[in-house]
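Chains as they are written, first to last, in this note's numbering: chain A, -1 to 113; chain B, 695 to 809.
Idealized CB from N, CA, C, for every residue including glycine.
Note that the coordinates shown come from a computational prediction; the quantities given were computed from them, not determined experimentally.
Have a look at the structure below before the remarks.
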């Protein structure tokens, strides 16, 4: 397996534009997580899914953020409209709910810059 | 609510010296514990994990960590640091919640290695 795949690797957009980040988890993994990393706030869990169902979205900062997982192999994180303070690195991770196998495997991240 | 604390924002050690990075967690039961490392511009890579059994776990790159239930700690150690170990280190906890496992991360400790 190629690991968790995120696209794009870098995104630069103007304030007010819609941004869509994409993630392909590792095949067979039950969980998918979206994290945001900034210098000020560190690594924050935004939302996670179990078997494509959103379980906890309490970390989503505002209604401008939304995430979907239409199937087991694809998830999106959308920001609409984007703002400069959304600039961060967004990581997607997946894990497998097997006995003793809950470590998260991370993608390379998407570096988002909103100008 | 579960939480993870890494009290040291950054640490500087000399190459060849020993290293200990601190991690404390808050959770009612025994959690699954992890240490990840992040090199600049990269995603997070798993160093080691603890689920049960022997409280001293060995990981990759010569790292080890010890789970101490009485102190709610899971400190990371390495007997001799190499310059290539300079990176940011994250302690993480996976806990069982309604709907499944949830992984949260500490704020991270940035390791600087001096010659």
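Contacting residues, own chain, Cβ-Cβ under 8 Å from residue 105 of chain A (five flanking each side not counted)
The residue you call residue 105 of chain A lines up with position 107 of the first chain. Once the five neighbours on either side are set aside, the close Cβ partners of residue 105 of chain A are 1, 2, 3, 4, 21, 89, 90 and 91.
Taking only beta-carbon atoms, is residue 719 of chain B less than 7 Å away from chain A?
Against the second chain, residue 719 of chain B aligns to sequence position 25. False, the Cβ-Cβ gap to chain A never drops below 7 Å.
How is residue 54 of chain A classed by DSSP in three states: helix, strand or coil?
Reading the first chain from its first residue, position 56 is the one you call residue 54 of chain A. Of the three classes helix, strand and coil, the one that applies to residue 54 of chain A here is strand, per DSSP.
C-alpha gap between residue 34 of chain A and residue 780 of chain B, whole angstroms:
Numbered from 1 along the first chain, position 36 holds the residue referred to as residue 34 of chain A. Numbered from 1 along the second chain, position 86 holds the residue referred to as residue 780 of chain B. So the alpha carbons of these two residues sit roughly 22 Å apart.
State yes or no: is the beta carbon of residue 737 of chain B nearer than 7 Å to at least one beta carbon in chain A?
Position 43 of the second chain, counting from 1, holds the residue named residue 737 of chain B. Answer yes: the Cβ-Cβ gap between residue 737 of chain B and chain A drops below 7 Å somewhere.
Three-state secondary structure (DSSP) at residue 765 of chain B?
Numbered from 1 along the second chain, position 71 holds the residue referred to as residue 765 of chain B. In the structure shown, residue 765 of chain B sits in a helix (DSSP, three-state: H, G or I).
Stretch pair the stretch 751 to 758 of chain B + the stretch 802 to 809 of chain B: three plus CB contacts closer than 8 Å
no
Looking at residue 701 of chain B: is its Cβ nearer than 7 Å to the Cβ of residue 716 of chain B?
Within the second chain, the letter at position 7 stands for residue 701 of chain B. Within the second chain, the letter at position 22 stands for residue 716 of chain B. The answer is yes: Cβ separation under 7 Å.
Residue 47 of chain A at chain B interface by Cβ criterion, 7 Å:
Translated into positions along the first chain, residue 47 of chain A becomes position 49. No - not a single Cβ of chain B is within 7 Å of the one on residue 47 of chain A.
Can you tell me whether DSSP reads residue 701 of chain B as helix, strand or coil?
If you number the second chain from 1, residue 701 of chain B lands on position 7. It is coil, neither helix nor strand.
Residue(s) in a DSSP beta bridge with residue 40 of chain A:
Here residue 40 of chain A refers to the residue found at position 42 of the first chain. Its beta-bridge partners are A:36.
So, at 7 Å on beta carbons, what are the nonlocal neighbours of residue 750 of chain B in its own chain, with the 5 sequence-adjacent residues on each side left out?
Within the second chain, residue 750 of chain B is the residue found at index 56, counting from 1. For residue 750 of chain B, where only same-chain residues beyond five positions count, the Cβ hits under 7 Å are 758 and 760.
By the three-class DSSP mapping on this structure, what secondary structure does residue 105 of chain A have?
Position 107 of the first chain holds residue 105 of chain A. Three-state result, residue 105 of chain A: coil.
Under 7 Å between C-beta atoms, does residue 40 of chain A make it to chain B?
Within the first chain, the letter at position 42 stands for residue 40 of chain A. Yes - at least one Cβ of chain B is within 7 Å of the one on residue 40 of chain A.
Looking at C-beta atoms only, is the number of pairs between the stretch 767 to 778 of chain B and the stretch 68 to 82 of chain A that lie closer than 8 Å three or more?
no
So, residue 719 of chain B versus residue 766 of chain B, is the Cβ gap smaller than 7 Å?
Against the second chain, residue 719 of chain B aligns to sequence position 25. Against the second chain, residue 766 of chain B aligns to sequence position 72. Against a cut-off of 7 Å, the Cβ pair of residue 766 of chain B and residue 719 of chain B comes out as a contact.
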